[in-house]
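Per numbering that gives the first Met the number 0, the very first residue in the first sequence carries number 0; after that it's consecutive. Have a look at the structure below before the remarks.
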Amino acid sequence: MEISLVCYQSISLDKIQNSFRFPSSIHEVFRTKPLFSDYCFRFNRRKCGNPCDKIKCFSLEQGLQPRRPKPKPSRNTDSDLKETEETHVKRPSVGICSQIEKLAFCNRYREALELFEILELEGGFDVGLSTYDALVSACIGLGSVRAVKRVFSYMISNGFEPDQYMSNRVLLMHVKCGMMVDARSLFDEMPERNLVSWNTIIAGLVDVGDYFEAFRLFLLMWEFSDCGSRTIATMIRASAGLELISVGRQLHSAAVKFGVGEDIFVSCALIDMYSKCGSIEDAQWAFDEMPEKTTVGWNSIIAGYALHGYSEEALSMFYEMRDSGVKMDHFTFSMIIRISSRLASVEYAKQVHAGLIRHGFGLDIVANTALVDFYSKWGRVEDAKHVFDRMPCKNTISWNALIVGYGNHGWGAEAVELFEQMLREKMRPNHVTFLAVLSACSHSRLFERGWEIFQSMSRDHKIKPRAMHYACLIELLGQEGLLDEAFALIRGAPFKPTANMWAALLTASRVNVNLELGKYAAEKLYGMEPEKLSNYVVLLNIYHQSGKLKEAAGVLQTLRRKGLRMLPVCSWIEVNKQSHVFLSGDKSHVQTNEIYEKVDSLVHEISKHGYVPKEKTLLPDVDEQEQRILLYHSEKLAVAFGLINTMKGSPLQIVQNHRICNDCHNAIKLIALVTRREIVVRDASRFHYFKDGSCSCGDYW
DNA sequence: TTAGGGTTAG
Numbered sequence: 000m001e002i003s004l005v006c007y008q009s010i011s012l013d014k015i016q017n018s019f020r021f022p023s024s025i026h027e028v029f030r031t032k033p034l035f036s037d038y039c040f041r042f043n044r045r046k047c048g049n050p051c052d053k054i055k056c057f058s059l060e061q062g063l064q065p066r067r068p069k070p071k072p073s074r075n076t077d078s079d080l081k082e083t084e085e086t087h088v089k090r091p092s093v094g095i096c097s098q099i100e101k102l103a104f105c106n107r108y109r110e111a112l113e114l115f116e117i118l119e120l121e122g123g124f125d126v127g128l129s130t131y132d133a134l135v136s137a138c139i140g141l142g143s144v145r146a147v148k149r150v151f152s153y154m155i156s157n158g159f160e161p162d163q164y165m166s167n168r169v170l171l172m173h174v175k176c177g178m179m180v181d182a183r184s185l186f187d188e189m190p191e192r193n194l195v196s197w198n199t200i201i202a203g204l205v206d207v208g209d210y211f212e213a214f215r216l217f218l219l220m221w222e223f224s225d226c227g228s229r230t231i232a233t234m235i236r237a238s239a240g241l242e243l244i245s246v247g248r249q250l251h252s253a254a255v256k257f258g259v260g261e262d263i264f265v266s267c268a269l270i271d272m273y274s275k276c277g278s279i280e281d282a283q284w285a286f287d288e289m290p291e292k293t294t295v296g297w298n299s300i301i302a303g304y305a306l307h308g309y310s311e312e313a314l315s316m317f318y319e320m321r322d323s324g325v326k327m328d329h330f331t332f333s334m335i336i337r338i339s340s341r342l343a344s345v346e347y348a349k350q351v352h353a354g355l356i357r358h359g360f361g362l363d364i365v366a367n368t369a370l371v372d373f374y375s376k377w378g379r380v381e382d383a384k385h386v387f388d389r390m391p392c393k394n395t396i397s398w399n400a401l402i403v404g405y406g407n408h409g410w411g412a413e414a415v416e417l418f419e420q421m422l423r424e425k426m427r428p429n430h431v432t433f434l435a436v437l438s439a440c441s442h443s444r445l446f447e448r449g450w451e452i453f454q455s456m457s458r459d460h461k462i463k464p465r466a467m468h469y470a471c472l473i474e475l476l477g478q479e480g481l482l483d484e485a486f487a488l489i490r491g492a493p494f495k496p497t498a499n500m501w502a503a504l505l506t507a508s509r510v511n512v513n514l515e516l517g518k519y520a521a522e523k524l525y526g527m528e529p530e531k532l533s534n535y536v537v538l539l540n541i542y543h544q545s546g547k548l549k550e551a552a553g554v555l556q557t558l559r560r561k562g563l564r565m566l567p568v569c570s571w572i573e574v575n576k577q578s579h580v581f582l583s584g585d586k587s588h589v590q591t592n593e594i595y596e597k598v599d600s601l602v603h604e605i606s607k608h609g610y611v612p613k614e615k616t617l618l619p620d621v622d623e624q625e626q627r628i629l630l631y632h633s634e635k636l637a638v639a640f641g642l643i644n645t646m647k648g649s650p651l652q653i654v655q656n657h658r659i660c661n662d663c664h665n666a667i668k669l670i671a672l673v674t675r676r677e678i679v680v681r682d683a684s685r686f687h688y689f690k691d692g693s694c695s696c697g698d699y700w
């Protein structure tokens with residue numbers, strides 16, 4: 000495979016260093032939030048000498064009460080205070096404490112916390128700093144809010160007075176377990192803060208997506224304290240989150256200025272930031288500048304190319320990474336599986352699957368979820384189910400991947416059953432789960448069940464249906480011929496109907512050949528998406544199906560006037576590790592004659608099973624060339640080529656850059672029946688699966 | 001001194 004790698008030298012080190020105007024450029028972050036900007040820059044050193052005082056000032060300005068140290072909770076009442084003072088001497092607990100430390104050291108956090116229960120229940124033990132440190136590690140390892148509350152409350156009731164190190168560890172414990180409100184209180188009330196304290200709270204804010212607050216604290220820190228490479232790396236991540244490349248560039252220049260431009264963490268954050276901000280060239284530059292290319296560096300640049308849709312380049316980088324001898328990790332495999340699902344064949348993915356297991360990441364939740372998605376997308380639902388069943392732990396995303404697989408495979412009832420099993424296993428569904436299950440109902444025409452599930456969304460699961468859920472239901476109503484109800488659903492939606500919803504109604508109108516409603520929906524769509532070709536094409540089809548050829552020709556003229564043209568559509572098939580690409584009506588392939596003869600004989604064969612070839616003329620002004628294009632669509636040519644050049648009975652996989660048309664859909668369904676082949680036709684957003692004459696098709700949103 | 005940072009799946 001010939002792969003060209005995009006690599007531009009658009010920035011240089013000198014340019015970066017000389018463009019330093021930090022931190023004034025950070026104002027840009029707050030441009031959309033002037034409130035922050037106001038109070039960020041109003042203060043000066045003279046007014047509030049200590050950043051901690053400044054934070055108090057912020058709180059006061061916002062009408063908040065200054066925070067007072069929380070009274071230490073005590074299990075004792077005033078009446079037994081005397082008794083407590085008398086029994087103040089703490090019991091030694093060397094055995095339990097050292098056991099807790101050992102368990103935490105071996106990552107056996109759950110057991111460490113089970114042992115901690117003895118300390119909690121009996122009380123009065125002399126617990127040392129190293130044990131508290133181990134308990135903090137256990138809480139972070141488990142990410143359990145309940146554990147954090149238990150440990151923290153024990154620290155307070157046991158009169159633990161943390162030093163700077165332990166204060167930071169306790170802060171980190173809250174941050175890592177997502178308890179940002181408590182973490183912020185702890186940070187504000189810290190008697191002393193050092194670089195680690197600042198980095199911890201700022202990184203926590205960035206983790207939860209509170210970028211503005213992160214920048215606000217960063218500016219305070221910038222003014223009063225030194226910030227290291229870790230801080231810069233975190234703020235580069237915040238710039239990526241805000242998609243503000245100019246701010247990211249300034250942080251890049253700050254890093255170079257302070258001599259941390261080649262720091263591993265800064266470099267990786269830069270690669271990620273540049274690619275997320277839309278400049279893959281700069282990301283590549285940052286990667287090239289890395290003195291030592293680490294696993295994360297490679298992962299970041301591969302993720303960058305994948306994000307921009309440069310799947311081949313991403314794969315090429317993966318080969319380079321593998322050849323360079325750098326260790327691949329579960330991030331690498333997760334990404335490669337995802338890239339494979341867009342680009343490569345099932346065989347290739349199986350190799351990646353084997354590599355995943357060989358490298359010891361066979362149980363990784365993310366990589367396995369990517370595999371479930373991959374096999375689902377390629378119509379290998381049994382394989383997807385196999386991977387899913389062997390996963391030691393699953394999350395909502397894993398369940399969603401398989402429900403989508405079932406739905407698109409045409410197994411609507413099974414998708415609904417899986418959804419119900421998910422609920423029984425107390426896994427919380429999210430809006431994607433509902434999209435998957437409603438879509439499954441739509442494809443399998445399970446109207447009653449779909450309607451019930453749609454209603455249960457807000458009633459039982461407190462998830463507000465979004466436009467795509469409405470679009471699914473409109474499609475479902477359309478299939479039942481309930482166009483009035485579908486229209487009523489659009490009008491009754493609690494938000495302004497989106498293009499997707501009108502498009503669903505337009506499709507429903509086409510299916511039911513309702514010209515009036517179709518025109519209405521199309522007009523709405525023209526207003527919203529005047530340049531979208533497919534909207535015109537659907538209306539054109541409605542006119543055509545209603546026998547209104549003159550109006551259909553009028554739509555075609557509008558298309559021409561607007562300069563909207565069909566992009567060249569093509570289909571390709573991989574045979575013997577070589578891709579063969581076909582355009583509609585294409586006569587450039589060396590086996591052209593054989594392929595066209597095969598198409599003709601297949602059409603003849605399937606016409607015995609009820610296939611009616613598309614009418615010879617769609618519109619009055621279709622010329623001979625266009626006619627050939629209409630009769631020999633690229634997917635038919637690819638299927639014919641596949642049947643000629645592959646073993647009898649082996650499955651065929653066709654990939655294409657467009658949606659399959661109804662004619663090819665019907666034709667290939669029957670071809671699968673008469674040739675007893677399994678045929679998967681797929682494009683980037685949907686696939687059509689044919690086996691023994693049955694078919695399923697679907698969308699991925 | 002310890003502690004804090006970068007990349008992945010539906």
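Every residue, glycine too, gets a C-beta built ideally from N, C-alpha and C. Source: prediction; values computed, not measured.
Annotation for Ile452: Val415, Phe418, Phe433, Val436, Leu437, Cys440 place their beta carbon closer than 8 angstroms to its own, counting only its chain and skipping 5 residues before and after. Here the C-alpha atom of Phe640 lies approximately 37 angstroms from the C-alpha atom of Arg389. Shown here for Leu563: same chain residues with a beta carbon closer than 6 angstroms to its own, the five before and five after excluded, namely Leu532 in chain order. Within 10 angstroms of the beta-carbon of Lys597 lie 16 or more other beta-carbons, which makes it buried. DSSP places His442 within a helical segment (H, G or I) once states are collapsed to three. Between Cys96 and Val126 a beta carbon distance of about 6 angstroms is seen, short of the 8 angstroms cut, so the two are scored as contacting.
Assignment of beta-bridge partners to Ile653 by DSSP yields Ile572, Val680. With contacts defined as CB atoms closer than 7 angstroms, Val679 and Gly404 fail to qualify as a contacting pair. Of the other Cβ atoms in all chains shown, 16 or more fall within 10 Å of the Cβ of Tyr469; this residue is therefore buried.
Taking a contact as a CB-CB distance under 8 angstroms, the pair Val574 and Thr645 counts as one, their CB atoms being some 6 angstroms apart. In the DSSP assignment, Ser375 falls within the alpha helix (DSSP H) that extends over 364 to 376. Between Cys276 and Gly296, the beta carbon gap of about 18 angstroms keeps them out of contact (Cβ cut-off 8 angstroms). DSSP lists Cys569 as the bridge partner or partners of Leu582. Partner residues in a beta bridge of Gln590, as assigned by DSSP, do not exist. Counting along the chain, Asp322 sits inside the alpha helix (DSSP H) bounded by residues 310 to 323. Distances from the CA of Met220 to each of Arg236, Gly240, Thr199 were compared; the closest alpha carbon is that of Thr199. According to DSSP, Gln577 shares a beta bridge with Val574. Rounded to whole angstroms, Met334 and Thr395 show a C-alpha spacing of 19 angstroms. In the three-state reduction of the DSSP assignment, His408 falls in the coil class. Ala412 and His632 have their C-alpha atoms some 33 angstroms from each other. The DSSP-derived three-state label of Met220 is helix. Shown here for Ile231: same chain residues with a beta carbon closer than 7 angstroms to its own, the five before and five after excluded, namely Leu250, Ala253, Ala254, Val259, Val265 in chain order.
For the 7 angstroms CB-CB criterion, Ser570 and Ile667 do not form a contact. If you draw a straight line from the Cα of Pro496 to the Cα of Arg681, it comes to about 29 angstroms. With a beta-carbon spacing of about 16 angstroms, Val205 and Met178 fall beyond the 8 angstroms limit used to define contacts. Around the C-beta of His385, fewer than 16 other C-beta atoms lie within 10 Å, and the residue is accordingly described as exposed. Bounds of the alpha helix (DSSP H) holding Lys148 are 144 to 156. Per DSSP, reduced to three states, the secondary structure at Ala487 is helical. Spatial neighbours of Glu291 in its own chain (CB-CB distance under 6 angstroms, excluding positions within 5 residues in sequence) are not present. Annotated as distal: Ala466 and Ala485, with beta-carbon spacing of 7 angstroms or more. Gly303 carries a helical assignment under DSSP once its states are collapsed to helix, strand and coil. Under the 10 Å beta carbon count, Leu120 is surrounded by fewer than 16 other beta carbons and is classified as exposed.
Under the 10 Å beta carbon count, Arg192 is surrounded by 16 or more other beta carbons and is classified as buried. The Cβ atoms of Gly158 and Ala182 lie no closer than 7 angstroms to each other. Secondary structure in the segment 422 to 469: the alpha helix (DSSP H) runs of 4 residues or longer, each lying completely within the stretch, are 430 to 442, 446 to 459 in chain order. Assignment of alpha helix (DSSP H) within the segment 252 to 295, counting only whole runs of 4 or more residues, yields 263 to 275, 279 to 288 in chain order.
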